[in-house]
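A.B. asks: Let me begin by handing over the structure; questions about it come next.
Numbering (the working numbering), first residue to last: 18 to 116.
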């Protein structure tokens, strides 16, 4: 979790205020999703589906059968190691415009 600090996020005492920009409801909803490929899980095919997969693999060169089963809007796990996730650093950013 990274906290970005902008000049307008200063308290009246001059102390910087941490702002959490994460959408925790969406994060919880993504973690609750189930289906083929959700959370990075493998797609398990039945023997019948395996034969269809083999036919498509010969044509396309990849597992198009499983690829078609996986949602384009699937959710994946955050695989970053907790030790390396920067969650307590305050970044003081200045208001600027880059053209």
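Note that the Cβ used here is the ideal one computed from N, Cα and C, for glycine as well. Small disclaimer: the values here were computed from a predicted structure and weren't measured.
Count the other CB atoms within 10 Å of the CB of residue 82; is the residue buried (16 or more) or exposed (fewer)?
C.D. replies: The residue is buried, with at least 16 neighbouring Cβ atoms inside 10 Å.
A.B. asks: Could you round the C-beta distance between residue 57 and residue 93 to whole angstroms and report it? I think they count as a contact, below 8 angstroms.
C.D. replies: That belief holds up - the Cβ atoms of residue 57 and residue 93 are roughly 5 angstroms apart, short of 8 angstroms.
A.B. asks: Can you round the beta-carbon distance between residue 62 and residue 70 to whole angstroms, since I take them to be within the 8 angstroms contact cut?
C.D. replies: So it is a contact: roughly 6 angstroms between Cβ atoms.
A.B. asks: Do you know how far the Cα of residue 85 is from the Cα of residue 52?
C.D. replies: The alpha-carbon atoms of residue 52 and residue 85 are separated by roughly 12 angstroms.
A.B. asks: First and last residue of the alpha helix (DSSP H) that includes residue 120?
C.D. replies: Residue coverage of the chain in this structure runs from 18 to 116, which leaves residue 120 outside it and unanswerable.
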